[in-house]
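Asker:
Number of protein chains: 2
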Amino acid sequence: MNKYQTIHDELLKDINDGKYPDNAKLPSDFALMNRYHVARETSRKAVAMLVDEGYVIRIKGRGTFVINQNRYSFPISHVESYRELAARLKLDERTQLISISDKNVPTYFDYGEDTELPATEIIRVRNVDNEPVIVDRDYVLKAVVPEIKSLSTSLSLFELFEQQLGLVISYAKKTITIEAANAIDKQLMLVKEPMAVVVIRSETFLNDGRIISFTESRHRADRFKSVEFSRRH
Amino acid sequence: MNKYQTIHDELLKDINDGKYPDNAKLPSDFALMNRYHVARETSRKAVAMLVDEGYVIRIKGRGTFVINQNRYSFPISHVESYRELAARLKLDERTQLISISDKNVPTYFDYGEDTELPATEIIRVRNVDNEPVIVDRDYVLKAVVPEIKSLSTSLSLFELFEQQLGLVISYAKKTITIEAANAIDKQLMLVKEPMAVVVIRSETFLNDGRIISFTESRHRADRFKSVEFSRRH
DNA sequence: CAGTGGTCTAGACCACGAT
DNA sequence: TCGTGGTCTAGACCACTGC
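Protein sequences appear in the order of chains A and B. Here the numbering used here is used: the first residue of the first sequence is 4, the next is one more, and so on. Here the numbering used here is used: the first residue of the second sequence is 4, the next is one more, and so on.
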């Protein structure tokens with residue numbers, strides 16, 4: 004583990020544990036240098052990560068302060084598996100696997116190529132508080148992962164990629180639009196009336212620049228909420 | 004201007020100008036050190052900003068590469084005035100000022116206090132391509148800005164805060180939900196049928212930690228699109 | 001004035017990828 | 001092996017805040 008990562012993790016733990024509550028002042032750069040016996044740039048890097056993640060704010064001449072945090076609900080600005088999300092938010096969640104089959108990536112993903120992209124299609128329904136609220140369709144490219152026969156209920160797709168296959172997920176590009184629920188949405192989410200759904204389409208990239216998967220996540224609009232932290236540049 | 008900011012801006016300009024197209028390799032740390040006569044950490048800081056903004060990706064042992072970019076539409080993960088957004092996207096936009104009046108901050112903003120917060124309410128309608136698609140309600144706290152008499156059409160609220168009043172905007176917290184259009188939405192956005200709206204509520208903070216304003220931005224759902232770059236942590 | 005964060009330097013050693 | 005990015009050091013000077 005890096006030194007700055009270690010310092011970052013300890014500070015973050017202290018923030019989450021309430022040792023540094025709202026508006027509390029974190030140790031200064033020099034205090035961290037002494038505490039961890041590191042150079043100043045190393046301690047600064049640890050704190051810079053916390054700033055980046057929206058946990059603290061640095062004010063020149065005054066110090067580093069914890070920002071009032073309502074924790075995220077559905078994440079847009081970072082990449083996270085649904086399993087990770089559910090664990091972080093302590094959701095009462097259950098996932099049903101609807102189907103796994105071979106299919107080309109649908110053209111509405113607009114990947115800018117004429118060729119067809121063979122993939123494994125995985126359809127899942129996410130239940131929160133015993134209510135089906137999200138339909139996920141993943142298209143995992145056969146060029147990267149030739150075959151997915153089954154999905155363990157205890158394993159997320161990301162865990163499969165990262166732990167079993169040794170791939171490193173690096174970033175994603177997401178588009179968010181609102182659409183009318185289609186017949187399949189209504190069937191899987193057990194609604195009859197016309198309803199809006201929030202559609203989040205992502206392309207997920209590996210650290211070597213290859214795309215590994217396309218995902219379409221359709222959320223019941225009346226159950227959707229996202230909280231984001233935004234910085235001014 | 005900082006050295007790293009200068010280097011960052013030049014590299015970004017070259018990316019946007021197409022001098023570094025998709026998947027092109029940027030100069031290495033050492034090449035930038037020589038070109039700009041700076042220390043390595045300085046050149047690295049410039050490139051780190053580009054990584055942070057989602058323009059490039061660094062791969063150990065290989066280099067720094069431009070990421071395929073569809074530019075953002077509506078921003079969620081950073082703080083930007085509508086005027087800045089319109090300029091960046093070269094939108095055909097026009098804003099109508101509907102009203103300026105004194106009003107307390109509505110309680111649905113959930114600012115966690117029992118007291119009433121006196122504010123100046125500013126209601127504006129944003130037209131894109133001659134179509135009214137966004138209704139913005141800003142509540143600027145009187146505790147920070149005692150009075151706003153008029154809004155120049157050439158000035159955004161942020162410009163007023165930053166340039167005229169010398170305040171520094173630091174960050175915002177946004178919640179995104181989907182709601183049914185209310186009567187005022189329909190009237191101002193010239194629709195009659197039932198329709199969904201994307202509601203983005205923000206609290207905007209100054210660099211001293213004070214809240215300066217609450218904003219509710221209501222978007223016609225069928226005209227809303229957001230593209231976000233997300234990193235895996 | 002002392003304490004804080006912001007920038008910058010000129011090195012060092014390491015891990016990884018390509019050749 | 002060489003070039004790349006990743007981490008780290010031990011300083012330096014500056015600008016800003018609060019006392």
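The C-beta atom is built at its ideal place from N, Cα and C for all residues, glycine as well. Given the structure is predicted, the values throughout are model-derived calculations rather than measurements.
Between N185(B) and chain A, is the shortest Cβ-Cβ distance under 8 Å, so that the two count as touching?
Answerer: Taking Cβ atoms only, chain A never reaches closer than 8 Å to N185(B), which makes this a no.
Asker: Any C-beta of chain A sitting closer than 8 Å to the C-beta of F112(B)?
Answerer: False, the Cβ-Cβ gap to chain A never drops below 8 Å.
Asker: Would you tell me roughly how many angstroms separate the C-alpha atoms of F217(B) and I203(B), rounded to the nearest one?
Answerer: 11 Å
Asker: Kindly list, in the order they appear in chain A, the residues whose Cβ is closer than 9 Å to that of G179(B).
Answerer: Note on identity: in this sequence residue 179(B) is Ile, with Gly being the wrong assignment. F77, I79, I179, V201, F227, K228, S229, V230 and E231, listed in chain order.
Asker: Looking at chain B, which residues of the region 149 to 174 of chain A have a Cβ within less than 7 Å of any of its Cβ atoms?
Answerer: I172, S173 and Y174
Asker: Kindly indicate which residue of D211(B), E219(B) and A175(B) has the alpha-carbon position closest to the one of I181(B).
Answerer: E219(B)
Asker: State the start and end residues of the unbroken alpha helix (DSSP H) segment that holds E44(B).
Answerer: R43 to D55
Asker: As an exercise, report each continuous alpha helix (DSSP H) stretch of at least 4 residues that is fully enclosed by the region 133 to 210 of chain B, in chain order.
Answerer: 186 to 191
Asker: For K106(B) and D132(A), I'd like the C-alpha separation in whole angstroms.
Answerer: 38 Å
Asker: What does N130(B) pair with, by DSSP beta-bridge criteria?
Answerer: R97(B) and P135(B)
Asker: Sorted by chain position, which residues of the same chain lie with C-beta nearer than 6 Å to V194(B)'s C-beta, five sequence neighbours on each side aside?
Answerer: none
Asker: With a threshold of 16 other CB atoms inside 10 Å of the CB of F208(A), please say whether the residue is buried or exposed.
Answerer: buried
Asker: Below 7 Å CB to CB, which residues in the same chain sit around T178(A) once its five sequence neighbours on both sides are set aside?
Answerer: Answer for T178(A): R204, listed in chain order.
Asker: CA-CA distance, A122(B) and F164(A)?
Answerer: Just so you know, the alpha carbons of A122(B) and F164(A) end up roughly 51 Å apart.
Asker: From R226(A) to T9(B), what distance separates their C-alpha atoms?
Answerer: 45 Å
Asker: Within this structure, are the beta carbons of S46(A) and D32(A) separated by less than 8 Å?
Answerer: yes
Asker: Whole angstroms is fine: what's the gap from R74(B)'s alpha carbon to N37(A)'s?
Answerer: The predicted model places R74(B) with a pLDDT of 47, which falls under 50 and marks its position as unreliable; any figure quoted below should be read in that light. Their Cα atoms are separated by approximately 44 Å.
Asker: For the alpha helix (DSSP H) that T9(B) lies in, which residues bound it at each end?
Answerer: K6 to N19
Asker: Would you say I215(B) faces chain A, with C-beta separation under 8 Å as the test?
Answerer: no
Asker: Give the interface partners of I18(A) over in chain B, defined as CB-CB distance under 7 Å, in chain order.
Answerer: Simply none; closest approach about 16 Å.
Asker: Assuming Y142(B) and V171(B) form a contact by the criterion Cβ under 8 Å, report the distance between their Cβ atoms to the nearest whole angstrom.
Answerer: Actually they do not touch by this definition, with Cβ atoms about 20 Å apart.
Asker: If you draw a straight line from the alpha carbon of K228(A) to that of V200(A), how long is it in whole angstroms?
Answerer: 12 Å
Asker: Locate the alpha helix (DSSP H) running through F33(A), then write down its first and last residues.
Answerer: D32 to Y39
Asker: I70(B) to K16(B), Cα distance in whole Å?
Answerer: 15 Å
Asker: For I60(B), tell me which candidate among K28(B), N19(B), A42(B) and E96(B) has the shortest Cα-Cα distance.
Answerer: K28(B)
Asker: L144(B) and L160(B) - do their beta-carbons sit closer together than 8 Å?
Answerer: The answer is no: Cβ separation not under 8 Å.
Asker: Check A122(B) in the structure and name its three-state DSSP category.
Answerer: strand
Asker: Exposed or buried, what is T110(B) when buried is set at 16 or more other beta-carbons lying within 10 Å of its beta-carbon?
Answerer: exposed
Asker: Suppose you measure from the CA of R140(A) to the CA of A184(B); what does that come to, to the nearest Å?
Answerer: 29 Å
Asker: Please classify K22(A): is it buried, with 16 or more other beta-carbons within 10 angstroms of its beta-carbon, or exposed?
Answerer: With fewer than 16 neighbouring CB atoms inside 10 Å of its own CB, K22(A) falls in the exposed class.
Asker: Indicate the three-state DSSP secondary structure (helix, strand or coil) for R1(B) in the structure shown.
Answerer: The question about residue 1(B) has no answer here: the residues shown for chain B are numbered 4 through 236.
Asker: Give me the Cα-Cα distance between S76(B) and Y7(A), rounded to the nearest whole angstrom.
Answerer: Caution applies to S76(B), whose pLDDT of 49 falls short of 50 and renders its modelled position unreliable; the value that the coordinates give is listed next. Approximately 35 Å between the Cα atoms of the pair.
Asker: Check whether chain B comes within 8 Å of R74(A), counting only Cβ atoms and requiring the distance to be less than that.
Answerer: At R74(A) the pLDDT is 47, less than 50, meaning the model places this residue with poor confidence; the figure from the coordinates comes in the next sentence. It does not; no Cβ of chain B falls within 8 Å.
Asker: Can you give the beta carbon distance from K176(A) to V50(B), rounded, assuming they're within the 8 Å contact cut?
Answerer: Contact flag wrong, Cβ pair sits at about 20 Å.
Asker: With distances taken between CB atoms, is the gap from V147(A) to R213(A) smaller than 8 Å?
Answerer: yes
Asker: Compare the C-beta of K22(B) against all C-beta atoms of chain A and say whether one is closer than 8 Å.
Answerer: no
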